[in-house]
Amino acid sequence: MKKIVFIYNPISGVSGKRMIVSQIESRLDRSLYEYDIRKTEYAGHATELAREAVREGANVVCAIGGDGTVNEVGRALIDSDAALAIIPSGSGNGLARHLHIPLDPISAIELINECTIRKMDYGVINLHPFFCTCGVGFDAFISEKFAKSKMRGPITYVENVLRNGLNYNPETYDIDMVSETEEHIVQKAFLIACGNASQYGNNFYITPQASVRDGLLDVTIIKPFNVIDVPQMAIRLMNGNLEGDSHISTFRCKSLSIYRQNPGAIHYDGDPAEAASEIEIAIVPKGLSCICPKDEGVFDVAENIQNVIIEQLRLAQMRSEELIKINRRNNRLLREQTQKNTMKLREETKKLLKKIKK
69 MKKIVFIYNP ISGVSGKRMI VSQIESRLDR SLYEYDIRKT EYAGHATELA REAVREGANV
129 VCAIGGDGTV NEVGRALIDS DAALAIIPSG SGNGLARHLH IPLDPISAIE LINECTIRKM
189 DYGVINLHPF FCTCGVGFDA FISEKFAKSK MRGPITYVEN VLRNGLNYNP ETYDIDMVSE
249 TEEHIVQKAF LIACGNASQY GNNFYITPQA SVRDGLLDVT IIKPFNVIDV PQMAIRLMNG
309 NLEGDSHIST FRCKSLSIYR QNPGAIHYDG DPAEAASEIE IAIVPKGLSC ICPKDEGVFD
369 VAENIQNVII EQLRLAQMRS EELIKINRRN NRLLREQTQK NTMKLREETK KLLKKIKK
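Read in order, the letters of the sequence shown are residues 69 to 426 in my numbering.
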């Protein structure tokens with residue numbers, strides 16, 4: 069029989085936890101699991117409870133909450149024999165959505181009963197583990213504001229974005245990237261986001277082609293933009309298609325170093341932290357075990373197909389833009405040639421008129 073410990077945060081997200089606790093008691097497969105349920109009382113407590121569960125020999129430790137609770141539990145399970153399970157009940161549930169874990173608690177419990185375990189990558193930003201996303205810039209700034217808000221939930225998050233977005237001053241960053249080769253860029257940016265998974269949460273895709281099993285970080289840089297660009301950019305983030313926008317650049321790497329002029333905020337899985345002017349980010353391949361859907365491979369195939377389609381659309385858009393440039397260039401050359409011919413015709417006409425007058 070396996071031992072599972074459920075850890076829940078009573079204040080995360082918008083869903084009632086008492087109902088979930090009663091659903092665990094009625095729906096969990098007792099022939100498979102011996103279980104215990106523990107409640108967090110302060111920030112960081114979930115990590116302490118998860119480490120305690122590992123020491124007690126738990127096979128599975130389940131985070132009941134949002135990405136912050138998942139992060140606290142998951143960091144205690146890194147490189148251990150215990151697997152992470154998730155019953156999503158947070159504001160965004162980014163990792164759960166990426167892994168196709170049901171948002172309905174009963175369905176999530178049934179997934180735990182199936183107990184299909186797979187390895188996944190995790191990232192590290194300045195020694196802080198993350199499983200979904202991390203970043204610097206505006207998203208870290210908003211994470212600080214959101215953490216200080218009395219109310220939780222997506223509405224509060226959006227209110228903070230709308231209230232502070234137009235007044236935010238982008239910084240200039242020096243970025244060193246390491247993959248098969250090394251690259252250095254200097255970029256003024258609204259934000260720099262690194263994804264192990266594809267989204268912040270609520271299907272808001274900041275690194276839409278990210279995979280938790282490819283050993284790579286997906287990086288998205290959003291450059292400074294005008295208010296008029298916001299609706300189109302928001303649509304791209306919701307659709308998971310960031311290609312073709314001149315304000316957005318994306319790449320993949322194994323690690324990167326970010327240098328900025330002043331210390332400031334970073335975030336990991338939505339939780340803010342203060343950091344120095346130098347920021348180190350890296351991926352750790354297959355360092356965490358996680359309970360996932362049996363048919364997640366089907367989802368992976370679907371995502372791969374989607375990524376291929378997105379790439380083809382990107383190439384088609386590039387070809388279309390190139391054709392437009394060629395047409396514009398040809399039209400410009402045609403206008404220039406027409407102007408030259410017109411001027412030449414005028415000169416010839418003037419000469420002819422002079423001859424006639426003589």
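Every residue, glycine too, gets a C-beta built ideally from N, C-alpha and C.
Source: prediction; values computed, not measured.
According to the Cβ coordinates, are Ala350 and Ser325 closer than 7 Å?
Cβ atoms of Ala350 and Ser325: not closer than 7 Å.
Among Pro353, Thr406, Lys419, which one has its Cα closest to the Cα of Gly191?
Pro353
So, are the CB atoms of Val129 and Ala118 less than 7 Å apart?
yes
For the alpha helix (DSSP H) that contains Met87, what are its first and last residues?
85-95
Would Tyr241 and Arg328 be called neighbours here (beta carbons separated by less than 7 Å)?
yes
What number of angstroms, rounded off, separates the C-alpha of Val73 from the C-alpha of Phe198?
21 Å
Grab the span of the alpha helix (DSSP H) containing Ser266 for me, first residue to last.
Neither: Ser266 is in no alpha helix (DSSP H) and is coded neither H nor E.
According to DSSP, Arg320 sits in a beta bridge with which residue or residues?
Asp286
Taking 7 Å as the limit between beta carbons, can you name the residues of its chain near His315, skipping five residues before and five after?
Ile290, Lys291, Phe293, Asp297, Met301
Leaving out five residues before and five after Ser211 in sequence, what residues of the same chain have Cβ atoms less than 8 Å from its Cβ?
Ala333, His335, Gly338, Asp339, Pro340
So, with DSSP's three-state summary, where would you put Ala153?
strand
If you pair each beta-carbon of the stretch 145-157 with each one of the stretch 250-258, do three or more pairs fall below 8 Å?
Verdict: no, contact absent.
Since Ala265 and His196 are thought to touch, with beta carbons under 8 Å apart, how far apart are those beta carbons, to the nearest angstrom?
In fact, because the Cβ distance is near 16 Å, the residues do not count as touching under 8 Å.
Leaving out five residues on either side along the sequence, give the residues of the same chain with a beta carbon under 8 Å from the beta carbon of Arg86.
Taken in chain order, the list of residues that qualify is empty.
Compute the beta-carbon to beta-carbon distance between Asp172 and Gly269, rounded to the nearest angstrom, for a pair I have assumed lies under 8 Å.
Wrong, their Cβ atoms sit about 16 Å apart, outside the cutoff.
Where does the unbroken alpha helix (DSSP H) through Pro173 begin, and where does it stop?
173-182
Got a sec? Which residues, its chain only, sit under 8 Å from Pro331 by beta carbon, not counting five neighbours each side?
Glu342, Ala343, Ala344, Ser345.
My understanding is that Leu276 touches Phe258, with C-beta atoms under 8 Å, so please give their C-beta distance in whole angstroms.
For the sequence presented, residue 276 should be read as Pro rather than Leu. Their Cβ separation, rounded to whole angstroms, is 18 Å, which puts Pro276 and Phe258 out of contact at 8 Å.
How about the stretch 157-164 and the stretch 96-107: do they share at least three Cβ pairs that are nearer than 8 Å?
No: fewer than three Cβ pairs fall under 8 Å.
Return the residue from the list Val89, Tyr103, Ile75, Glu178 that minimises the CA-CA distance to Thr115.
Ile75
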